[in-house]
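In the order they appear, the protein sequences are chains X and S.
Position one of the first sequence corresponds to residue 1 (full-length UniProt numbering), numbered consecutively onward.
Position one of the second sequence corresponds to residue 1 (full-length UniProt numbering), numbered consecutively onward.
Below: one structure, written as structure tokens.
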Amino acid sequence: MALLSYSIRRILMLIPVLLGMSIVVFSIIRAIPGDPALTILGEKASPKAIEDLREVLGLNNPWYIQYFDYLKQILTGDLGVSLHSGASITQEIGPYLAATTELTIVSMLFAVIIGVNAGILSAWKQNSWFDYCAMLIALIGVSMPIFWLGLMEQWLFAQELKWLPSVGRDNSRNPVEAITQFYILDTLLAGQWDQLWEVIKHLILPGIALGTIPMAIIARITRSSMLEVMRADYVRTARAKGLAQFWVVYKHALKNAMIPVLTVIGLQTGLLLGGAVLTETIFGWPGVGRYIFTAIGNRDYPVIQSGILVIATIFVLINLLVDLLYAYIDPRIKYR
Amino acid sequence: MKKRVLSAAMTSLLALAMLLSGCGGTQTAQKPAEQPKTETPAPAPAAEPAKSASKQLIIGRGGDSVGLDPIQQTDGESFKITENVFDTLVGYAEESTEVVPSLAEKWEIAPDGLTYTFHLRSGVKFHDGTDFNAEAVKWNFERWMDKSHPQHNKEGFEYYNDMFGGYKGDETHVIKSVEAVDPQTVKFTLNRPLAPFIQNLGMSCFAIASPKAVQEMGPEKFNENPVGTGPFVFKEWKRNDTITLEKNPNYWNAGFPKLEKLVFKVIPENTARLTALTSGEIDMMDGLNPDDAQAVKDNQDLQLILRPSMNIGFVGFNVEKKPLDNPKVREAISYAINKPAIIEAFFAGLGQPAVNPMPPSIWGHNGNIKDREFNLDKAKQLLTEAGFPNGFKIKFWAMPVARPYMPDGVKIAEAIQQDLKKIGVEAEIVTMEWATYLEKTKAGEQEMFMLGWTGDNGDPDNFLATLLDKNNIGGNNRTRWANEDAHKLLMQAQSATTKEEREKLYMQVQEIIFKDVPMVPLAHSTPALAAKANIINYKPHPKGSESLEKVEFKE
């Protein structure tokens, strides 16, 4: 019951958060210098054509009118029309969002499985060679520029070893028929096992590139959180009872140690969703990060606004999920 | 006990590691099936898939198309697709801008230059099965020129407006009427003679669309589902990823296209695109970094393809700002720019020094003008004559983005800065975000700046008048150079009826420009493409996009 009312309150809180977000995004992008009409028409445009387009786009209206027009539109579920392509954003953003989500999930799976386990083992074998190596790798992982890592991966695994494909979501010689836009799901639904294998192979390199930083962060947080919990009285009691170390670590300690780790996982997932621009650019991934990034270059206001708003909504939802998971893991957490 | 637990944990890690590396292991066995490589050691199993895949061409490029209705577009990435889906009334010859027949087999021009009669190819059909005929041509032109036409775009058709002097009813509008004389004959009547009329009709944007398809879908949907008469039929568009075209079995040019399928794949990063080419994921790519040209030449599996140059990269002077209002100062700076060194260092040799604001590939280019040679002493002397023996300080705007005509604006600006320093000119390099750069240079806020231009249609007017006519100040004439003599000649050339006459006028204009130095033309770059060695008959066109009907794989 408490959980339910808490959930409802949290969901209601999304309204002011997203409203505030929309105002911030709207104001900031209008502070960017440069005229969208000029950018759309290109360097060859005549001044008259630019003025005509400004009028058509409503760019000559005062900014608050533009904002309220936008808000009205959003509330009817219409994310607007891209100035650049002329297509509806609600329709256009779907495939991009799916592509990024798929990549994010794979990256986070990689980051969580490796990161959490490495962190646990490091804490367990504190000050061992494993601990030192893992933490050194984690340090390199956080400091590595994604751009460099991505290009190195491509050079080694695609160009030299020819093990994995370097770009795109599928093999263009045998493209996936998109149904849900989640290619793993699509190939499973169609029963195309060779294509499924292709899709997985295409996910590996960008997945690792994108997952490396969160993996390193998760490993470090898990380690320190575990160390702290392992010093707690109840763990000492468990050990004194003669319980095997494995159960002490994985059953008693881990559950409590996971709370800060969960927070980090939640935050990192949100960050990945929006921050995948570099990975998507290097790996030719048709994702939402690049969609918004290109829109910034094109001064495509509606796409920037709606794109960021969609990402923000997902980010807030993930945090909601994390909060709800806390409750599941630790019943002591109270909801006020 | 402890050991067992540790081994359990280690096993899970190991399993994961094996899962990851295992992907690589099994991969090798799969490879020949999807990536036919020339160097695959086992020839027997690799040969077969190579053959079946050889009818499919995958082209990597840097950006996605904006839309696929040619008249609505102005960007090169869109035309790369529409050139293959649509045809124009007249076309351009391979690798030059000379006009050749396309959908119109022949045409007559009345002596007064006001009537053009086109005889259309018969038996041509649009991809939706409807007939291509004089009515279809008429319908397309009416859609473009008539603002009240139901399929006219609310934002207008920019190229139509620019090339034909506005829309129906405008005072300067060129086309008075388009009539379908009979199904195979269409007659254009003009309000006033327009010398480059035929030349303009060959531009990618004036491609003939299926009237039925546009009417049924409306301009917005048609922009994503194009229907033309071209060698390839539009199949699918995955935004920011791939555009797929398939062979048009009923193409009027018998025996073509050679390929079954064309896939255009977006790979934004130049280096990643080259990696995809070397690893066999794509068959060819454009936008090769000049620095990578040598690596492509050295790779036996690849070939370097050079696009004929139709561009100009230049250093411009805002002639309204002091001390750039003094032609002697401009000339001095011109002497202090080492063009051959810049082309060697930054274009990797893929370009030629420019003398005029338009490339030699365009008719009317004045080859008699002898360029000023790099000479710092001469520059210094001119500065002294101009009253600046100790030089001056100036702001030098450098382009923030790479363009075909300027591979690295800031680095080139730094090189020029070093030489200017030697003649006492302290140039401070200014750069900003691209859209802002374009906007501010248009408004004339800059002093010295760099920019460039890629030609649209191979007409001299498209370079000389666009970049330097006084009517285009506030538009593309960012030097703000208003020279009455040049203006008179350019206007005369626009309405002259014979090519010879125009040629003479443009020669004179180029002399005036060279003498008054509103800009220092730097280079005409040669854009480079890379492809697998077994691709033949790819003929890159100077305008930047072309039909790929003749391209095929060598058996």
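C-beta atoms are modelled at their ideal positions from N, C-alpha and C, and glycine is treated no differently.
Our two residues, F118(S) and E108(S), have alpha carbons roughly 7 Å apart in a direct line. T263(X) sits in a helix when the DSSP states are folded into three classes. Beyond the five residues adjoining it in sequence on each side, D78(X) comes within less than 7 Å, by CB distance, of T90 in the same chain, given in chain order.
Residue pairing for T189(S): DSSP places it in a beta bridge opposite T115(S) and S177(S). Note that the stretch 202-215 of chain S touches the stretch 65-80 of chain S; at least 3 beta-carbon pairs, one per stretch, sit closer than 8 Å. Closer than 8 Å to the CB of K241(X) there is not a single CB belonging to chain S.
In this structure, K370(S) keeps its C-beta atom at 8 Å or more from the C-beta atom of P353(S).
Secondary structure of Y291(X) (DSSP, three-state): helix.
When the Cα atoms are used, K554(S) and A533(S) turn out to be separated by approximately 9 Å. Secondary structure note for S525(S): its beta strand (DSSP E) is the uninterrupted segment M519 to S525.
Comparing alpha-carbon positions, the option among Q56(S), T88(S) and S525(S) lying closest to D283(S) turns out to be Q56(S).
Listed as beta-bridge partners of K370(S) by DSSP are no residues whatsoever. Counted as a single uninterrupted DSSP element, the alpha helix (DSSP H) harbouring P214(X) occupies residues W193 to M230.
The count of Cβ pairs closer than 8 Å, one atom from the stretch 304-322 of chain X and one from the stretch 271-278 of chain X, reaches three, so the stretches are in contact. Around I200(X), the same chain offers I184 as residues with beta carbons nearer than 8 Å, after the five sequence neighbours per side are excluded. Apart from the 5 residues on each side of it in sequence, A496(S) sits with its Cβ closer than 7 Å to the Cβ of A195, R502 and L505 in its chain, given in chain order. For the stretch 482-552 of chain S, the full-length beta strand (DSSP E) segments reaching 3 residues or more read 519-525 and 528-532 along the chain. The bridge partners DSSP lists for T104(X) come to none.
Closest by C-alpha distance to G452(S), out of D64(S), M310(S) and I342(S), is M310(S). Residues of chain S whose Cβ lies closer than 7 Å to the Cβ of P145(X) do not exist; the shortest such Cβ separation is about 14 Å.
A Cβ-Cβ contact shorter than 8 Å links A398(S) with I429(S). For the options H365(S), N326(S), G349(S) and A180(S), the alpha carbon positioned closest to that of Q508(S) is the one of H365(S). Pairing F264(S) with I423(S) gives a Cβ-Cβ distance that is not under 8 Å. In this structure R239(S) touches P95(X) by the C-beta definition: roughly 6 Å separates them, less than 8 Å. According to DSSP, residue pairing for A104(S) in a beta bridge involves L120(S). For G409(S), the closest Cβ of chain X is not nearer than 8 Å. Counting C-beta pairs closer than 8 Å gives fewer than three between the stretch 136-149 of chain X and the stretch 260-267 of chain X, which falls short of the contact rule.
Contact between the stretch 474-492 of chain S and the stretch 328-335 of chain S is absent: fewer than 3 CB-CB pairs across the two stretches fall below 8 Å.
At a cut-off of 8 Å between C-beta atoms, V174(S) does not count as an interface residue with respect to chain X. Among the residues facing chain S, I282(X) is included, as its CB has a counterpart in that chain under 8 Å away. Of the candidates Y92(S), R478(S), K247(S) and S361(S), the residue whose Cα lies closest to the Cα of H127(S) is K247(S). Counting along the chain, Q56(S) sits inside the beta strand (DSSP E) bounded by residues Q56 to R61. Under DSSP, P353(S) takes part in a beta bridge, and its partners are A523(S). Annotated three-state conformation of K235(S) is strand, per DSSP.
DSSP lists no bridge partner for V116(X). Our two residues, L438(S) and I513(S), have alpha carbons roughly 23 Å apart in a direct line.
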